[in-house]
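Engineer: Numbering (the numbering used here), first residue to last: 1 to 175. C-beta atoms are modelled at their ideal positions from N, C-alpha and C, and glycine is treated no differently.
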């Protein structure tokens, strides 16, 4: 029994060491600090994938709250970054909707809209629809609570019409 345990332990240790060597070649850290960073990233990704497989995946609520604070203070680039970090596996429709909304808020302008940001927002809405086709935001600060409403705003913003030349358009409100 003791010899069998030693053999199994030796095989397990050899496999772990082999995986470590493969990881070193794959990650190719340049120095010790880079090694630590890449190791942390690898462990985080592995843990995230494992939680998806075991159906225990949850968003990082702290990063989500940081994103909400940045969103409400109209710092949309930081908000989008925090939202993306709170849901690295892109599994939460609410987080993905907030990301799309940041594209809308950042791209909206009184005179013209940023087409590139609006296109990114449309692409992000596809992610929301894939996750939850009946999604409705429960945040009262979001005037566009459903993806179809936000999609309509994106599409209207991308279209150039005669009303875009209306000087009274300056007084319009962002939703």
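Straight-line CA distance for residue 19 to residue 9?
Structural biologist: So the two alpha carbons sit approximately 15 Å from each other.
Engineer: Could you give the DSSP three-state label for residue 108: helix, strand or coil?
Structural biologist: Coil, per DSSP.
Engineer: So, for residue 91: in the same chain, excluding its five sequence neighbours on each side, which residues have a beta-carbon less than 6 Å away from its beta-carbon?
Structural biologist: Closer than 6 Å at the Cβ level, and outside the excluded window around residue 91, lie 57.
Engineer: Are the CB atoms of residue 76 and residue 64 within a distance shorter than 8 Å?
Structural biologist: Cβ atoms of residue 64 and residue 76: not closer than 8 Å.
Engineer: Could you tell me the alpha carbon to alpha carbon distance between residue 107 and residue 14, rounded to whole angstroms?
Structural biologist: Distance between the alpha carbons of residue 107 and residue 14 is about 54 Å.
Engineer: Between the alpha carbons of residue 38 and residue 87, how many angstroms are there, rounded?
Structural biologist: The alpha-carbon atoms of residue 38 and residue 87 are separated by roughly 19 Å.
Engineer: How many angstroms separate the CA atom of residue 7 from the CA atom of residue 89?
Structural biologist: Answer to the nearest angstrom: the Cα atoms are 39 Å apart.
Engineer: With a CB to CB cut of under 6 Å and the five nearest residues on each side skipped, what residues in its chain are close to residue 12?
Structural biologist: Closer than 6 Å at Cβ, skipping near neighbours: no residue.
Engineer: So that I know if they touch, is there some Cβ in chain D lying closer than 8 Å to that of residue 64?
Structural biologist: As a matter of chain content, chain D is missing from the structure shown, which is built from one protein chain.
Engineer: In its own chain, which residues sit with a C-beta less than 7 Å from the C-beta of residue 115, not counting the 5 before and 5 after it?
Structural biologist: Here the set comprises 158.
Engineer: With 16 other CB atoms within 10 Å as the buried threshold, where does residue 99 fall?
Structural biologist: Residue 99 is buried by the Cβ-count criterion.
Engineer: Can you list the beta strand (DSSP E) stretches of 3 or more residues lying completely in the segment 85 to 164, in chain order?
Structural biologist: Whole beta strand (DSSP E) segments, 3+ residues: zero.
Engineer: What does the alpha-carbon distance come out to for the pair residue 85 and residue 5?
Structural biologist: Rounded to whole angstroms, residue 85 to residue 5 spans 43 Å at the Cα level.
Engineer: Given this structure, state the Cα-to-Cα distance separating residue 81 from residue 120, to the nearest angstrom.
Structural biologist: Spanning the two alpha carbons is a distance of roughly 14 Å.
Engineer: Please state the DSSP three-state secondary structure of residue 66.
Structural biologist: Helix.
Engineer: Would you kindly work out how many angstroms separate the C-alpha atoms of residue 44 and residue 113, rounded to a whole number?
Structural biologist: Going from the Cα of residue 44 to the Cα of residue 113 covers about 37 Å.
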